[in-house]
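Heads up, the thing below is written out as structure tokens.
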Amino acid sequence: MADDTATPFYVTTAIAYPNGVPHIGHAYEYVSADAIARFKRLDGFDVRFLTGTDEHGQKMQQTAAAEGIPTRDLADRNAAAFRALQETLGSSFDRFIRTTDADHEVASQELWRRMADAGDIYLDTFSGWYSVRDEAYFGEDELTTLEDGSRVATATGTPVEWTEEASYFFRLSAYQDRLLALYESQPDFIGPVTRRNEVASFVAGGLRDLSISRTNFDWGVPVPGDPDHVMYVWVDALTNYLTGAGFPDTDPALLERFWPADLHIIGKDIVRFHCVYWPAFLMSAGIELPKRVFAHGFLFNKGEKMSKSVGNVVDPYALVDQYGLDPLRFFLLREVSYGQDGSYSHEAIVSRINADLANEFGNLAQRSLSMIAKNFDGGVPEPGDFTDDDSALLARADGLLERVRAEFDVQAMHLALEALWEVLGETNRYISAQEPWKLAKTDLSRAGTVLYVCAEVVRIVAILAQPVMPESTGRILDLLAVDAGARTFAHVGERLTPGSVLPKPSPVFPRYDDSRD
Ligand code: ME8
Numbered sequence: 316m317a318d319d320t321a322t323p324f325y326v327t328t329a330i331a332y333p334n335g336v337p338h339i340g341h342a343y344e345y346v347s348a349d350a351i352a353r354f355k356r357l358d359g360f361d362v363r364f365l366t367g368t369d370e371h372g373q374k375m376q377q378t379a380a381a382e383g384i385p386t387r388d389l390a391d392r393n394a395a396a397f398r399a400l401q402e403t404l405g406s407s408f409d410r411f412i413r414t415t416d417a418d419h420e421v422a423s424q425e426l427w428r429r430m431a432d433a434g435d436i437y438l439d440t441f442s443g444w445y446s447v448r449d450e451a452y453f454g455e456d457e458l459t460t461l462e463d464g465s466r467v468a469t470a471t472g473t474p475v476e477w478t479e480e481a482s483y484f485f486r487l488s489a490y491q492d493r494l495l496a497l498y499e500s501q502p503d504f505i506g507p508v509t510r511r512n513e514v515a516s517f518v519a520g521g522l523r524d525l526s527i528s529r530t531n532f533d534w535g536v537p538v539p540g541d542p543d544h545v546m547y548v549w550v551d552a553l554t555n556y557l558t559g560a561g562f563p564d565t566d567p568a569l570l571e572r573f574w575p576a577d578l579h580i581i582g583k584d585i586v587r588f589h590c591v592y593w594p595a596f597l598m599s600a601g602i603e604l605p606k607r608v609f610a611h612g613f614l615f616n617k618g619e620k621m622s623k624s625v626g627n628v629v630d631p632y633a634l635v636d637q638y639g640l641d642p643l644r645f646f647l648l649r650e651v652s653y654g655q656d657g658s659y660s661h662e663a664i665v666s667r668i669n670a671d672l673a674n675e676f677g678n679l680a681q682r683s684l685s686m687i688a689k690n691f692d693g694g695v696p697e698p699g700d701f702t703d704d705d706s707a708l709l710a711r712a713d714g715l716l717e718r719v720r721a722e723f724d725v726q727a728m729h730l731a732l733e734a735l736w737e738v739l740g741e742t743n744r745y746i747s748a749q750e751p752w753k754l755a756k757t758d759l760s761r762a763g764t765v766l767y768v769c770a771e772v773v774r775i776v777a778i779l780a781q782p783v784m785p786e787s788t789g790r791i792l793d794l795l796a797v798d799a800g801a802r803t804f805a806h807v808g809e810r811l812t813p814g815s816v817l818p819k820p821s822p823v824f825p826r827y828d829d830s831r832d
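Basically our numbering = 1-based index in the sequence shown + 315.
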């Protein structure tokens with residue numbers, strides 16, 4: 316049950332095109348958005364997390380025709396694959412929206428009507444160079460002519476065709492000043508800052524009206540009052556964020572609570588749609604704007620762009636099978652600076668698993684808990700007076716929540732994890748310096764204090780790392796006998812209860828043994 320007293324937080328991913336199967340780039344986006352959703356829940360927010368598939372458009376219709384199957388069958392099959400991937404990744408989404416859902420057609424048509432009522436939609440003829448694959452028109456200056464005389468879009472290399480059609484247009488040009496004022500007055504609207512600057516300079520260069528309907532195919536949402544036209548796929552795609560919050564009136568209470576969205580997580584290639592078109596549509600329709608759009612970077616295999624022809628498209632399921640889900644989630648969020656492009660390779664993943672997880676975290680937990688089991692009858696030791704070193708380390712661990720929260724608030728998950736691992740590093744140095752294994756023979760009470768401090772750090776880091784590695788941190792918290800109800804961030808400031816009985820310790824983060832491949 317949603318907690319009505321908690322502050323709402325609505326986070327979304329991009330909705331994927333199900334004209335193919337999901338790849339590691341999709342997995343990356345899901346894991347990062349899921350970590351944010353989990354973080355906010357643990358931090359006491361009432362979270363709604365939306366994800367799904369973007370099923371309309373000519374590309375879907377063409378892919379299905381090429382396979383000789385109805386478009387709906389292609390959509391059903393691949394939407395199921397995207398949903399299954401999310402489940403495999405442990406994604407905690409609240410709704411998996413499909414743009415073929417009945418309530419989504421109603422929402423898209425209502426948004427259209429409101430933009431039309433505002434006088435922002437008109438009928439005209441559109442002609443230009445159209446790329447089916449990109450579902451976008453390109454100007455002459457954006458094309459390259461190949462040796463065989465055919466033309467492709469320079470940015471994406473996809474073929475373009477000269478196309479003329481009757482089309483409805485959206486008066487995007489009328490929104491230039493309001494968009495620039497938005498970026499100026501709400502500097503947090505677009506993150507990271509480099510993307511905001513790019514968008515602002517694009518808009519400052521002038522905006523042309525946008526063609527927002529098509530007549531050359533019918534796999535889309537019909538335009539209200541003119542069923543010969545279907546909506547341009549991006550109009551309907553962007554509306555998913557509203558549909559998923561109960562717009563226009565499928566769930567008024569949900570809409571009231573969760574709109575405007577707090578955060579749209581997207582990839583860097585679709586910034587213009589989310590930061591120019593989307594706010595302009597909403598301004599036109601008189602609907603509040605989302606608070607923030609954050610664009611993550613692209614993920615590359617050893618620095619190379621994934622492509623079917625290079626043969627380096629990595630199946631995310633294979634990575635989960637090989638490395639385990641939590642290590643993979645950790646790697647993706649720790650290794651790549653969120654917002655920048657990143658690279659992954661077997662060596663890089665193994666190095667994170669062995670250095671960060673097995674050595675820094677796993678060993679610390681295992682060593683501390685085994686010494687407690689051996690010397691204190693398996694119960695949390697009673698700490699004596701804390702020395703300055705003990706108190707300084709505990710203070711650092713107590714300060715982590717604030718640091719990690721500040722990093723998550725600006726989607727710097729890599730820095731949040733860095734902060735946690737800094738304290739784990741200090742704790743490993745502390746345990747080496749204190750030598751509790753020696754103290755156990757000479758000063759058992761002091762050994763107990765040292766181990767208590769270590770167990771406390773492990774508890775705090777495990778609680779704060781739950782959004783990234785829900786399953787393994789859960790096991791660490793089980794080993795510390797932390798109640799299921801005492802694992803939210805509100806409990807970080809508590810302390811382990813001396814005397815509480817701990818289960819037999821077992822390693823949570825095994826080393827990756829390369830010789831087993
Ligand atoms: O763009 N690395 O769908 P999509 C990281 N339907 N992220 C990547 C990536 C990579 N190599 N490749 C793609 C669409 N992505 C539209 C969205 S939203 C109203 C409509 C990201 O399946 C990409 O940037 O092509 C996007 O955020 C998401 O995956 C879905 O991409």
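Each residue gets a CB set at the ideal place from its N, CA and C atoms; glycine is no exception.
Determine which residues share a DSSP beta bridge with residue i and list them.
i       : result
Met-546 : Ser-528
Ser-482 : Asp-439
Ile-412 : Gly-367
Pro-631 : Answer is none; Pro-631 lacks a bridge partner.
Asp-541 : Val-538
Ser-446 : Ala-451
Over the uninterrupted alpha helix (DSSP H) stretch that includes residue i, give me the two end residues.
i       : result
Val-738 : 728-749
His-419 : 417-432
Pro-517 : Looking at the sequence itself, residue 517 is Phe, so the reference to Pro does not match. Its alpha helix (DSSP H) spans residues 508-519.
Thr-378 : 373-382
Phe-645 : 640-650
Val-719 : 715-724
Phe-397 : 386-403
Leu-684 : 679-690
Residue i: buried (16+ other C-beta within 10 angstroms of its C-beta) or exposed?
i       : result
Ala-799 : exposed
Trp-427 : buried
Ala-381 : exposed
Asp-503 : exposed
Gly-434 : exposed
Asn-555 : buried
Leu-461 : exposed
Arg-607 : buried
Tyr-437 : exposed
Asn-531 : exposed
Met-316 : At Met-316, the pLDDT of 47 sits below 50, so the modelled position is not reliable and the matter cannot be decided from this model.
Gly-540 : exposed
Ser-683 : buried
Looking at the structure shown, is residue i part of a helix, part of a strand, or coil, going by DSSP?
i       : result
Thr-440 : strand
Gln-781 : coil
Met-316 : Unreliable positioning characterises Met-316 in this predicted model, as indicated by a pLDDT of 47, which lies under 50. A coordinate reading is not provided.
Pro-502 : helix
His-341 : helix
Ala-576 : coil
Ser-815 : coil
Asp-703 : helix
Trp-477 : strand
Leu-553 : helix
Phe-562 : coil
Ser-660 : coil
Leu-327 : In the sequence as presented, Leu is not what sits at residue 327; that position holds Thr. Reduced to three states, the DSSP call for Thr-327 is strand.
Ala-321 : coil
Tyr-653 : strand
Ser-666 : helix
Pro-567 : helix
Leu-759 : helix
Ala-610 : strand
Ser-488 : helix
Gly-693 : coil
Gly-582 : strand
Asn-334 : coil
Thr-471 : coil
Starting from residue i and walking both ways along the beta strand (DSSP E), at which residues does that stretch end?
i       : result
Leu-365 : 361-368
Leu-616 : For the sequence presented, residue 616 should be read as Asn rather than Leu. Unbroken beta strand (DSSP E) run through Asn-616: 614-616.
Ala-602 : Checking the sequence, you will find Ile at residue 602 rather than Ala. First-last for Ile-602: undefined, no H or E at that position.
Val-467 : 466-468
Phe-824 : Unbroken run through Phe-824: none, as it is neither H nor E.
Val-591 : Neither: Val-591 is in no beta strand (DSSP E) and is coded neither H nor E.
Tyr-452 : 451-453
Leu-458 : 458-460
Below 7 angstroms, is the gap between the Cβ of residue i and the nearest heavy atom of the ligand HEM?
i       : result
Leu-614 : This structure lacks the ligand HEM; its bound ligands are the ligand ME8.
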